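Novice: Residues in the sequence shown are numbered from 1 upward in steps of one, following UniProt numbering. Each residue gets a CB set at the ideal place from its N, CA and C atoms; glycine is no exception. Keep in mind it's a predicted model, so treat the numbers as computed, not measured.
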Amino acid sequence: MPVTAKICGLSTPDTLDAAVQGGASHVGFVFFPPSPRNVGIEQARALAARVPDHVTKVGVFVDPDDALIDAVTAATGIRTLQLHKTAFERVAELDGRGHHVWPAISVKRASDLDESARFAAIPVDRIVYDAKTPDDALLPGGMGLRFDWTMLSGYRHPGPWMLAGGLDPQNVIPAIQMTGARLVDVSSGVESAPGVKDVAKIAAFLKAVAQC
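And the structure:
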């Protein structure tokens with residue numbers, strides 16, 4: 001099974017095109033105003049129209065309400081929701097409405113991984129293991145933080161999953177080898193500044209993933 005990649009936090013046509021042309025299997029759009037990667041509905045509509053059918057569009061949310069999800073879905077056709085800081089009951093509710101849900105689990109220590117077992121009962125489409133940010137951080141991710149990836153070595157996952165947090169073109173290969181991840185997610189690791197994606201870094205990241 002090949003390893004694939006999601007380029008997250010895209011906000012411009014040229015970087016979106018670089019992700020698609022480089023072989024990304026998923027592209028992510030952030031709908032969270034405090035984030036430097038936030039996109040508005042009309043901006044997302046235009047970007048989503050550029051995404052070919054073989055690439056999955058993912059909406060990245062932080063405990064979203066129905067109005068936001070409905071607006072995004074109507075404008076972009078996004079049906080895959082990556083959910084950060086969203087209660088288990090809310091994740092289950094959105095799954096029951098026919099969305100493809102990807103709850104994010106914030107990981108700092110090995111015991112944090114145990115939260116994934118709860119989602120086997122829904123079951124969700126994919127679990128996102130992301131690095132836990134400081135308690136006072138404004139953002140739940142996209143800060144370039146990573147957790148100890150050795151904790152995932154040999155871990156029995158309840159279903160499909162994705163590795164996120166602190167990945168970049170230089171460390172993604174060892175991260176894949178260490179964890180056995182088949183889908184990896186990058187955002188700040190392919191940026192020249194917060195929220196500013198770098199076409200060359202996107203290409204380098206996807207080239208590295210293709211080697212695995």
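#1: Taking contact to mean 3 or more Cβ pairs, one atom from each stretch, closer than 8 angstroms, check whether the segment 9 to 23 and the segment 199 to 211 are in contact.
#2: Let's test the definition: count the other Cβ atoms within 10 Å of the Cβ of His84 and tell me whether it reaches 16, buried, or not, exposed.
#3: Roughly how many whole angstroms lie between the Cα atoms of Ala137 and Gly23?
#4: Which ranges does the beta strand (DSSP E) cover as unbroken runs of at least 3 residues, wholly within the segment 139 to 212, from first to last along the chain?
#5: Could you name the residues that DSSP lists as bridge partners for Gly28?
#6: Can you say whether Phe88 is buried or exposed, counting buried as having 16 or more other CB atoms within 10 angstroms of its CB?
#7: Does the distance from the C-beta atom of Arg45 to that of Thr76 stay below 8 angstroms?
#8: If you count every other CB in all the chains shown that lies within 10 Å of the CB of Lys207, and 16 or more means buried, which is it?
#9: My assumption, with CB atoms under 8 angstroms, is that Phe147 sits in contact with Ala131. Please give the rounded CB distance.
#10: Would you check if the distance between the CB atom of Ser106 and the CB atom of Asp114 is smaller than 8 angstroms?
#11: Among the residues of its own chain, which have a CB less than 6 angstroms from the CB of Ile41, if the five just before and after it don't count?
#12: Name, in chain order, the residues that DSSP records as bridge partners for Gln21.
#13: Rounded to whole angstroms, what's the CA-CA distance from Pro64 to His99? Just pull it up for me.
#14: Determine which residues share a DSSP beta bridge with Ile78 and list them.
#15: Taking the continuous alpha helix (DSSP H) assigned at Ala48, which residues delimit it?
#16: Could you tell me which residues DSSP pairs with Asp130 in its beta bridges?
#17: Can you give me the start and stop residues for the alpha helix (DSSP H) that Ile92 sits inside?
#18: Nearest to Pro13 by alpha carbon, out of Ala67, Val27, Val3?
#19: Taking all protein chains shown into account, decide if Asp66 is buried (16 or more other Cβ within 10 angstroms of its Cβ) or exposed.
#20: Hey, out of Trp149, Leu145, Tyr129, Leu94, whose CA is closest to Pro123's CA?
#21: Buried or exposed: where does Gly9 fall if 16 or more other Cβ atoms within 10 Å of its Cβ makes it buried?
#22: Identify every residue that forms a DSSP beta bridge with Ile122.
Specialist: In short, the structure shows the following:
#1: yes
#2: Here the question's residue 84 lines up with position 84 in the sequence shown. His84 should be labelled buried.
#3: Looking up residue 137 in the sequence shown gives position 137. Looking up residue 23 in the sequence shown gives position 23. With a pLDDT of 49 at Ala137, under the threshold of 50, the modelled position of that residue is not reliable, and the figure given next carries that caveat. The alpha-carbon atoms of Ala137 and Gly23 are separated by roughly 32 angstroms.
#4: 161 to 163, 183 to 186, 191 to 193
#5: Here residue 28 refers to the residue found at position 28 of the sequence shown. Beta-bridge pairing links Gly28 to Val58.
#6: Within the sequence shown, residue 88 is the residue found at index 88, counting from 1. With fewer than 16 other beta carbons inside 10 angstroms of its own, Phe88 counts as exposed.
#7: Along the sequence shown, one-based indexing puts residue 45 at 45. Along the sequence shown, one-based indexing puts residue 76 at 76. Contact flag set, yes.
#8: Translated into positions along the sequence shown, residue 207 becomes position 207. Within a 10 Å sphere around the beta-carbon of Lys207 sit fewer than 16 other beta-carbons, which makes this residue exposed.
#9: Locating residue 147 in the sequence shown gives position 147, where the first residue counts as 1. Locating residue 131 in the sequence shown gives position 131, where the first residue counts as 1. The distance from the Cβ of Phe147 to that of Ala131 is about 5 angstroms, consistent with a contact at the 8 angstroms cut-off.
#10: Residue mapping note: residue 106 aligns to position 106 of the sequence shown, counting from 1. Residue mapping note: residue 114 aligns to position 114 of the sequence shown, counting from 1. Contact flag unset, no.
#11: For this step, residue 41 is matched to residue 41 along the sequence shown. If you ignore the 5 residues before and after Ile41, its C-beta comes within less than 6 angstroms of the C-beta of Ala71, Ala75, all in its own chain and listed in chain order.
#12: Taking the first residue of the sequence shown as position 1, residue 21 is located at position 21. In the DSSP assignment, Gln21 is bridged to no other residue.
#13: Your numbering for residue 64 matches position 64 in the sequence shown. Your numbering for residue 99 matches position 99 in the sequence shown. Going from the Cα of Pro64 to the Cα of His99 covers about 13 angstroms.
#14: Within the sequence shown, the letter at position 78 stands for residue 78. Partner(s): none; Ile78 has no beta bridge.
#15: On the sequence shown, residue 48 is found 48 positions in, with the first residue counted as 1. Note, Ala48: alpha helix (DSSP H), 41 to 48.
#16: Here residue 130 is taken as the residue at index 130 of the sequence shown, counted from 1. In the DSSP output, where bridge partners are listed per residue, Asp130 has Ser106.
#17: Taking the first residue of the sequence shown as position 1, residue 92 is located at position 92. It is worth fixing the name first, because residue 92 is Ala in this sequence and not Ile. From DSSP, the alpha helix (DSSP H) with Ala92 extends over 88 to 96.
#18: Residue 13 sits at position 13 when you count from the first residue of the sequence shown. Out of Ala67, Val27, Val3, Val27 has the C-alpha closest to the C-alpha of Pro13.
#19: One-based indexing of the sequence shown puts residue 66 at position 66. Exposed.
#20: Residue numbering aside, residue 123 sits at position 123 when the sequence shown is read from its first letter. Considering only alpha carbons, the answer is Leu94.
#21: Taking the sequence shown and counting its residues from 1, the one referred to as residue 9 is at position 9. When all chains shown are included, Gly9 counts as buried.
#22: Walking along the sequence shown from the start, residue 122 turns up at place 122. According to DSSP, which records beta bridges pairwise, Ile122 is partnered with nothing at all.
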